[in-house]
Each structure stands twice: as structure tokens, then as C-alpha cells.
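Each remark here refers to the structure printed beneath this line.
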Amino acid sequence: MVKKAKAENFPYALAFIDVRMPPGWDGIETITRIWEIDPFIEVAICTAYADYSWDQIVSKLGYTDHIIIIKKPFEKIEIKQMATALIQKWNSATRARLNVKKLESNLQNQIEIKETIIEFANLINSLKSLDGICRNIIDFTANLIKSERISIMLPDEHEENLYIVKSIGIPDEIIDNTFVKTGEGIAGEVFTSGEKLIINNIEDSKYRKRYSSYDSFLCLPFVYTLPRKKTINLGVFNLTNKQNNMPFTKDEVTLVSYVVNTSAVALYNQITGSKREETLLGSIAALIKEREAHDHYMAGHSNQVSLLAKGIAEELGLKREEIDKISLAGLLHDIGKAEIPKSILSKQGKLTEKEYNLIKEHPAIGERILNENNLPINITDGIRHHHERLDGSGYPDRLKGEQISIDAKIIAVADMFDAMRSKRSYRHAIPERMIKKELMGKAGITLDPECVQALFSYMGI
Ligand SMILES: [Fe+2]
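Shown next as C-alpha cells:
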């Protein structure tokens, strides 16, 4: 009976038991068995024997506040009062237990959410593409909150309109044709004000005409805080029509705020980084192309040095970021030549000392050009020092041995190798076995021997 009631979620509050219950178990045994099934049942045990004291019962059942002993004879009203009191006690104890359980599970939920958010932050910050970051923000939120549409909108270059860059639940033709003027509509206002908007009933809001197909709307800005507390808004995050017409709860808004704030940093780095890189790399690539177009012997040299430097760095087992850095430095190693007169660079005859000294300035000029352009990664060292030599015979700083960075050592080898294997106006391309001999002779004297060896492995020579 007790087992069945508990299983059906209607447990008994009170058991009224006589100590003497013939035949079979006595009252004490019955209580023991009841408590094995449900330890929270209150028990009123009645006895006619004055010698069945509280102490004796405690010695049999252990100390408990779930028992009351009633001595016979008793009045009906006494039983009624006692039963009412015990049931009330059971009720409040049960409520308290449920509350504790709820608190524990809330706490557990909060801990789990916190851990999930930390995992999310780590993931977002490790991503290197705007597309990947936006996709992960949306997928992560979609797993937590079910709503019909989720989207990220970013502004155009002049911050006149916001466009959907990533979304779920929105048909392609709407994505392509949707733009919101900044300062107008929900997303536009949120972008301009930097304040989130939570609308749980669009009908009751000033937006009902413009957004008649929506029930609810949650819109948050991606705000990035610069030094001196200046803030910039990068875009907005929209969630519309929460599932089953339910309102967005306070907890959900807090959660989405976490997601948005966490993502703002990664988004900022990506947007500004790629903008800077786009502009810089675009102009640099054009510059290299323009330079090399006038000198077909030099054509493709920058690209080749970049590839060779990457190959050497990989052979040496460097980290991925290091390899990318060296590859970019290889591409830009001679960028400083842009400011050296073309007549000197492509001079057929012997250079005068003055001309040669001018050419020797190109690594420092290259470094200056890159510094002026605020490149997001620091590659200036590889560029300034790609003509330094181990024995101190190089330029511009006459560095020796370990004073030269690995970036510069790698580019030096790649640069020399590509120069030797290319045809020049005054000579044919040098055969590979001759180059190998030449480089082996320089290894350990002017060139880093490990980099030379890594080049041979990479080239398979
Ligand atoms: Fe150079």
C-alpha cells in the first residue's frame, strides 16, 4: 500500500499504528518496514502499556522526530488534533524538501550553464573567420532557446544600413532583400542606441505595424568597449517569435547577453583585423605586382620566397601561427624596394657604391612601410633582418648568430635559393646541384645550417 502510493506520487503523510497488531508483525516491525519504503511518513503509535516508553521505542527504532506515542485510552478529538498537526508537519517538511531539491537543481543548472558559456567563449575566441564566429553564435543560442528566427546583422561600411550576415529560419530571398536603416526599426534603433530591446508582445508595442508578422522580439547589440571606456557597436543579434508564443524570460535574456558580450570581442578582432588586413594586403599585393611587372626577372619572386619560407618553417616543425607569419613575411620581404628608384633596381651594369648603399636600405624601408600600416600580426622582424648573416657580414644592423630571429634566417635562405635558381639578365639560372653546393658552403658561416637542411628536405634535393 505504502509502496504503491509512493510510486503513484501520492505518498501517505501519516500512519496510525497500534503496538500490538496480532497476528504477525508487531507495530514496531511494521514501522520499520514502512520506513524502508518511505522514510518521511509520520507515525502515531498507540499503546495501552505504560511500560512501552519513548526510550524503549527509540532503542528499537533509533532517534526520530517522525513518531508520536499516544497512550490509551484517548478521546476521538485528541486523535483528530494530533493527526491534523502531524499532517501539517508532513506537508511543510515535504514542501521544504522539494524547495531544497529545486534549489539544488537550479544551482546545478547555473553551474552547467556557466561551464557551457566558458566552453563557448573559448571556442569563439579560437575561431579565425567571421563566418565561423557568426555560425557558432547562432547555433549555440539556438540550442538554448527555441525561436523561429535567429539572425546576426552587421552594418555596411558607412553604417547606413544593417544586413543579415548569418541566420537560421529566414528564407534566402528575405536574407538577400533585407536591410534595415540604422536608427530605424528594432534592429536599427538597438544598433544606434546600444541598448537591448525585449518585446514579448509586439501588439502592445510601438512596432506593431512594422512587425505585424512577429509575436516577440529580442534584439541585443554587439558592443565592444575600447580603452577609455569608449564603446563601438559592431552589429545586432535578433531572436524573433519564441516557440509556443512564450515570452523571453529574464534568465534567457541574461544568457543571450552573456553570449553577445562574449562574442563581441572575437567579432571586433575579426572585423577590424580582416578590414585592416584586406586594405593592407590589397595595396601591398598591388604594389608587389606593379613592381614585378616592370622586372620580369623578379616576377613571382615574392610569391616563391613566401612558399619556400613556409616549406622550411614546416620542415622545422614550427607552430601554425609562426608558419603563417613567416609565409607573409616572405611575401613582403622586399616591399621596401618600392621606394628605391626602378633605374637602380634594374640597372644592367655594375652598381656604384652609392647605389648599392641605397639598395641596402630596403629592409628598413620595408619595416617602416609595415609599421605605418598597422599590420595585425608582427612580421617586421623577418623583413628588417632578411639580409643579416650569421657571421655579422649582413645589413642593416650587422646582427650575428642568435641575434637573428628564426623568421629572418628562414627568409634569408629562401630568398637566396630563389634568386640563384632564377634567370637574371646577366646570367642563366643556376642548376640545383650547384645551388646545393653553394648553400652547403654558406651553411654555418652566413646561413643557418638547420634552415639550409630544412630547405633541402622540403625541395627533396
Ligand atoms: Fe631583399
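Quick note on this note's numbering: the sequence shown kicks off at 85 and runs consecutively. The C-beta atom is built at its ideal place from N, Cα and C for all residues, glycine as well. Note that the structure is a prediction, hence the values are computed from the model and not measured.
Determine the direct distance from the alpha carbon of Pro239 to that of Val349, and round the result to whole angstroms. Cα to Cα, Val349 sits roughly 17 Å from Pro239.
Take the Cβ of Thr168 as the centre, count every other Cβ of all protein chains shown within 10 Å, and call the residue buried at 16 or more, exposed below. By the 16-neighbour rule on beta-carbons within 10 angstroms, Thr168 is exposed.
To the nearest angstrom, how far is the alpha carbon of Glu336 from that of Glu406? The C-alpha of Glu406 is placed about 41 Å away from the C-alpha of Glu336.
How is the alpha helix (DSSP H) around Leu454 delimited, first residue to last? Unbroken alpha helix (DSSP H) run through Leu454: His446 to Glu456.
Report all residues from its chain with a CB closer than 7 Å to the CB of His470; omit the five preceding and five following residues, and keep chain order. The residues are His417, Pro447, Ala492, Ile495, Ala496 and Asp499.
Sort out for me which residues DSSP pairs Gly319 with in a bridge. Phe306, per the DSSP bridge assignment.
Within 10 angstroms of the Cβ of Gly544, are there 16 or more other Cβ atoms? Answer buried if so, exposed if not. The residue is exposed, with fewer than 16 neighbouring Cβ atoms inside 10 Å.
Leu304, buried or exposed, once every other Cβ within 10 Å from all chains shown has been counted against 16: For Leu304, the number of other beta carbons within 10 angstroms of its own is at least 16, and it is reported as buried.
On the DSSP letters alone, give me the boundaries of the beta strand (DSSP E) that Asn245 sits inside. Asn245 to Ile252 is the span of the beta strand (DSSP E), which, as asked, contains Asn245.
Buried or exposed: where does Phe94 fall if 16 or more other Cβ atoms within 10 Å of its Cβ makes it buried? Sixteen is the threshold: since fewer than 16 other Cβ atoms of the shown chains lie within 10 Å of the Cβ of Phe94, the residue is exposed.
Nearest by alpha-carbon distance to Ala369: which of Gly108, Thr131 and Ala413 is it? Checked all of Gly108, Thr131 and Ala413; the closest Cα to Ala369 is Ala413.
Roughly how many angstroms separate the alpha carbons of Asp260 and Val249, rounded to a whole number? Whole-angstrom Cα-Cα distance: 10 Å.
I want to know whether the region 325-345 touches the region 196-216 - three or more CB-CB distances under 8 Å. Result yes; three or more Cβ-Cβ pairs closer than 8 Å.
Pick out the complete alpha helix (DSSP H) segments inside the region 467-517, 4 residues or longer, and give them in chain order. You should have 490-505.
As a quick exercise: from Thr315, Leu246 and Thr324, pick the residue whose alpha carbon is nearest that of Ile546. Beyond the ends of the chain as shown, which are 85 and 545, falls residue 546; an answer cannot be given.
Where does Met237 land, buried or exposed, given buried means 16+ other C-beta within 10 angstroms? Label assigned to Met237: buried.
Which residue wins for smallest C-alpha separation from Asp122, given the options Val86, Thr131 and Phe100? The residue from Val86, Thr131 and Phe100 with its alpha-carbon nearest to that of Asp122 is Val86.
Please report the straight-line C-alpha distance between Phe321 and Phe306, rounded to a whole angstrom. When rounded, the distance between both Cα atoms is 7 Å.
His242 Cβ short of 8 Å to ligand 1 heavy atom set: Checking every heavy atom of ligand 1 against the Cβ of His242, none is found closer than 8 Å.
Could you give the first and the last residue of the continuous alpha helix (DSSP H) run that contains Ile199? According to the sequence as given, residue 199 is Glu; it is not Ile. Residues Lys160 to Ser210.
For ligand 1, I want to know if His469 counts as a neighbour, meaning its beta carbon is within less than 8 Å of at least one of the ligand's heavy atoms. His469: no, Cβ never under 8 Å from ligand 1.
Top-ranked residue by Cα proximity to Val127, from Asp408, Asp102 and Thr333: Cα-wise, what sits closest to Val127 is Asp102.
Unbroken beta strand (DSSP E) runs of length 3 or more, entirely within the region 219-291: which are they? You should have 231-239, 245-252, 263-265 and 281-283.
Along the beta strand (DSSP E) that carries Ala91, what are the first and last residues, could you check? No beta strand (DSSP E) contains Ala91, which is instead part of the alpha helix (DSSP H) from Val86 to Ala91.
Could you give the first and the last residue of the continuous beta strand (DSSP E) run that contains Ala132? Taken as a continuous stretch (DSSP letters only), Ala132 belongs to no beta strand (DSSP E), as it is neither H nor E.
According to DSSP, Val343 sits in a beta bridge with which residue or residues? In DSSP, Val343 forms no bridge with anything.
Identity of the residues DSSP links to Ile151 by a beta bridge: Val127, per the DSSP bridge assignment.
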